[in-house]
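In terms of the numbering used here, the sequence shown opens at residue 30 and continues consecutively.
Each residue gets a CB set at the ideal place from its N, CA and C atoms; glycine is no exception.
In what follows, a single structure is set out as structure tokens and then discussed.
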Amino acid sequence: MHTVAVLALDSVVPFDLATPMEVFHRTRLADGRAGYRVLVCAATPTVTTGAFSITVPWGLDVLADADTVVVPGVSDPAAATPTAVLDALRAAAANGARIASICGGAFTLAATGLLDGRRATTHWLATDQLAAQHPRIQVDPNVLYVDNGQFLTSAGAAAGLDLCLHLIRRDHGAAVAADTARLSVMPLERAGGQAQFITHEPPAPEGATLEPLLAWMRDNARCQLTLADIARHAGMSTRTLNRRFRDQTGTTPLRWLHRVRVHQAQHLLETTALSVDRVATQVGFGSTAVFRDRFRRITGTSPQAYRRSFRSG
């Protein structure tokens, strides 16, 4: 069974610690078996969280045999990490363990040197600090998570859930990840490249939002919609539509539509044997070349490579 070791440092953020414990512990395979064995470990038997303390059943030695190590954040991400912890993380990486950080846990992972020369993220409030302390890391403040293969980092709070679901999808496929997402009352379709911080415009006095328009766009994504078509359906000018989309979703109408189409394409690539050309047509892209380009921009890989990684059994 795949072992996930969750590292609890002193002053660990409770939400960051609980997220991987709950998500991986609740994962069930198609036959009902548990998908993961979850172990919480620490350098000391007792760890504080600020509001309370916890007794940790496992020591750092479990990192040596873990398949995945999750590093939650701590209240002061700039605080020095014990040398024993850094050494244990480096040894786990050398043994081939996959290591993922949640929120400020990126600072702990960065202190090992394992992120040097790689792209990474953390909570948007701390990205400048991470970049300043670790200039060899390519810090991206605009994403929910970054997957470098063996090393992964996520942004703040709910982005840790997105990262855990992404790992489950990598390990066990879309169906198992979708079931786990439902148990967590989380959407599965949030992609790592989605902006982690979105400013929302206050609702209009009558309570109107873009949600009815977004639902219509999702339902009609396979149609050849233009910006003018979307604005006409919304009953507003293209300029007003663009402004409201920026305010409420952080992107433009057409980019949002491309993401919807790519998400739908991901589902088809995971669950059907349709050719890439057919998938492109099914989800509304005018040409396969455009589909391949948009798919790579949003997911960071090609449709064929994505299918190889995530095709359900």
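Secondary structure of residue i, DSSP reduced to three states
| i | result |
| --- | --- |
| Thr137 | helix |
| His163 | coil |
| Val85 | coil |
| Leu297 | helix |
| Ser338 | helix |
| Phe324 | helix |
| His152 | coil |
| Ser127 | The sequence shown places Arg at residue 127, rather than the Ser named in the question. In this structure, Arg127 counts as strand in the three-state DSSP scheme. |
| Gly329 | coil |
| His292 | helix |
| Gln176 | Checking the sequence shown, residue 176 turns out to be Asp, not Gln. Here Asp176 sits in strand by DSSP. |
| Thr32 | strand |
| Thr182 | strand |
Neighbour-count burial assignment, residue i, 16 or more Cβ in a 10 Å radius
| i | result |
| --- | --- |
| Pro241 | exposed |
| Met30 | exposed |
| Phe314 | buried |
| Asp94 | exposed |
| Pro332 | buried |
| Leu46 | buried |
| Cys70 | buried |
| Asp191 | buried |
| Ser338 | exposed |
| Arg13 | With the chain represented from 30 up to 342, any question about residue 13 goes unanswered, as that position is not in the structure. |
| Gln179 | exposed |
| Arg198 | buried |
| Val91 | buried |
| Asp176 | buried |
| Asp169 | buried |
| Pro164 | exposed |
| Arg273 | buried |
| Ala294 | buried |
| Pro49 | buried |
| Gly64 | buried |
| Val305 | buried |
| Val319 | exposed |
| Ala206 | buried |
| Thr156 | buried |
| Leu38 | buried |
| Leu154 | exposed |
Pair within 9 Å by beta-carbon distance, residue i and residue j
| i | j | result |
| --- | --- | --- |
| Gly102 | Ala135 | yes |
| Ala34 | Val98 | yes |
| Leu194 | Val52 | yes |
| Leu3 | Ala122 | In the structure as shown, the chain begins at 30 and stops at 342. Residue 3 is therefore absent and cannot be evaluated. |
| Leu283 | Leu239 | no |
| Asp96 | Arg62 | no |
| Thr75 | Thr84 | yes |
| Phe80 | Thr110 | Note on identity: in this sequence residue 80 is Ala, with Phe being the wrong assignment. No, the Cβ-Cβ distance between Ala80 and Thr110 is not below 9 Å. |
| Thr209 | Thr32 | no |
| Val100 | Leu68 | no |
| Ala107 | Gln167 | no |
| Val312 | Ala244 | no |
| Leu212 | Leu118 | no |
| Thr330 | Val291 | no |
| Leu254 | Met246 | yes |
*For the stretch 123-140 against the stretch 30-47, are there 3 or more C-beta pairs whose distance is under 8 Å?*
Result yes; three or more Cβ-Cβ pairs closer than 8 Å.
*Would you list, in sequence order, the uninterrupted alpha helix (DSSP H) runs of no fewer than 4 residues that lie entirely inside the stretch 35-101?*
With a minimum length of 4 residues, the continuous alpha helix (DSSP H) runs that stay inside the stretch 35-101 are 43-54.
*Three or more C-beta pairs closer than 8 Å, one from the stretch 174-188 and one from the stretch 141-161: is that the case here?*
Output reads yes: the stretch 141-161 touches the stretch 174-188.
*Can at least three beta-carbon pairs, one atom from the stretch 201-209 and one from the stretch 294-306, be found at a separation below 8 Å?*
In short, these stretches touch, since the Cβ pair count reaches three.
_So, does the stretch 286-297 touch the stretch 323-330, judging by three or more C-beta pairs under 8 Å?_
As far as the Cβ criterion goes, the stretch 286-297 touches the stretch 323-330, which means the pair count is three or higher.
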